[in-house]
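Undergrad: This structure is in structure tokens; I'll ask about it shortly.
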Amino acid sequence: MTTEHGPAPLAERLRARGLRLTPQRQQVLAAVAELDHATPEAIGARLREQAGPGGAAPDTSTVYRTLELLERLGLVWHTHLGKGAPVYHASEHPHLHVVCASCGEISSADPALLEEAAERLAADLGFTLDVGHVALSGTCRRCRESGTPQE
Numbered sequence: 023m024t025t026e027h028g029p030a031p032l033a034e035r036l037r038a039r040g041l042r043l044t045p046q047r048q049q050v051l052a053a054v055a056e057l058d059h060a061t062p063e064a065i066g067a068r069l070r071e072q073a074g075p076g077g078a079a080p081d082t083s084t085v086y087r088t089l090e091l092l093e094r095l096g097l098v099w100h101t102h103l104g105k106g107a108p109v110y111h112a113s114e115h116p117h118l119h120v121v122c123a124s125c126g127e128i129s130s131a132d133p134a135l136l137e138e139a140a141e142r143l144a145a146d147l148g149f150t151l152d153v154g155h156v157a158l159s160g161t162c163r164r165c166r167e168s169g170t171p172q173e
């Protein structure tokens with residue numbers, strides 16, 4: 023089966039670098055696609071859950087190394103959403119991350135929302151904005167309407 027996250031694009035990119043398509047690499051990429059915005063620890067936990075008792079799942083260091091490789095291959099991106107470990111998501115759908123400082127809800131937003139700011143940064147500072155790594159912090163509608171204070 024060939025999909026954006028499937029074995030074919032991954033296998034091709036790995037072979038181009040002289041690397042093999044291993045079950046662990048396939049599993050990590052599939053977990054990133056399933057979980058969307060997951061930490062390496064959450065990805066590892068999902069893989070252990072899928073493997074079941076006594077099943078073989080990649081250890082934490084393998085998950086981290088695989089995520090680094092998948093990012094170098096352009097298949098995943100990481101974003102720092104505030105405190106804690108970065109989260110990983112598939113690179114096929116660029117988006118901004120909007121994080122509620124009160125409840126922690128993560129929403130995705132169209133990167134076009136920052137086009138004007140990106141153009142200004144480029145013109146004024148020669149800076150190119152990478153929207154795949156942008157996380158904006160604030161208060162979501164639900165928390166704002168309920169009066170929940172920001173932490």
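Note that our numbering has the sequence shown beginning at 23, numbered continuously upward.
Even glycine gets a Cβ: it sits at the ideal position worked out from N, Cα and C.
On a Cα-Cα basis, can you pick out the residue from Ala112, Ser124, Leu135 and Gly154 that is closest to histidine 167?
TA: For the record, residue 167 in the displayed sequence is glutamate; it is not histidine. Taking only the C-alpha atoms, the option nearest glutamate 167 is Ser124.
Undergrad: Any idea if glycine 74 is buried or exposed, counting beta-carbon neighbours within 10 angstroms, 16 or more meaning buried?
TA: Burial call: exposed.
Undergrad: Assign arginine 6 to buried or exposed, taking buried as 16 or more other Cβ atoms, counted over all protein chains shown, within 10 Å of its Cβ.
TA: Any property of residue 6 remains undetermined from this structure, which presents the chain solely from 23 to 173.
Undergrad: Would arginine 106 pass as a contact of valine 121 if the rule is Cβ separation under 8 Å?
TA: Looking at the sequence itself, residue 106 is glycine, so the reference to arginine does not match. Contact flag unset, no.
Undergrad: Spatial neighbours of isoleucine 65 within its chain, please: C-beta separation below 8 Å, excluding the five flanking residues on both sides.
TA: The residues are Val50, Ala53, Val54, Leu57, Val85, Leu89 and Tyr110.
Undergrad: Considering only C-alpha positions, which residue in the set Ala112, Leu136, Gly126 and Gly77 is nearest to leucine 118?
TA: Nearest C-alpha to leucine 118: Leu136.
Undergrad: Going by the beta-carbon positions, is the gap between glutamate 93 and histidine 102 smaller than 8 Å?
TA: Cβ atoms of glutamate 93 and histidine 102: not closer than 8 Å.
Undergrad: Report buried or exposed for glycine 40, applying the criterion of at least 16 other Cβ atoms within 10 angstroms of its Cβ.
TA: The residue is exposed, with fewer than 16 neighbouring Cβ atoms inside 10 Å.
Undergrad: Just tell me which of Val98, Val156 and Glu114 has its CA closest to the CA of arginine 87.
TA: For arginine 87, the nearest C-alpha among the options comes from Val98.
Undergrad: Output the boundary residues of the beta strand (DSSP E) element that contains threonine 101.
TA: It spans 98-101 - the beta strand (DSSP E) in which threonine 101 sits, taken as one unbroken run.
Undergrad: Assuming alanine 52 is part of the alpha helix (DSSP H), what are its boundary residues?
TA: 45-57 is the span of the alpha helix (DSSP H), which, as asked, contains alanine 52.
Undergrad: Let me know the secondary structure DSSP gives valine 120 once reduced to three states.
TA: Residue state, collapsed to three classes: strand.
Undergrad: Leaving out five residues on either side along the sequence, give the residues of the same chain with a beta carbon under 8 Å from the beta carbon of histidine 61.
TA: Looking at the sequence itself, residue 61 is threonine, so the reference to histidine does not match. Here the set comprises Gly106, Ala107, Pro108, Val109 and Tyr110.
Undergrad: Does glycine 77 come out as helix, strand or coil in the three-state DSSP assignment?
TA: In the structure shown, glycine 77 sits in coil (DSSP, three-state: anything other than H, G, I, E or B).
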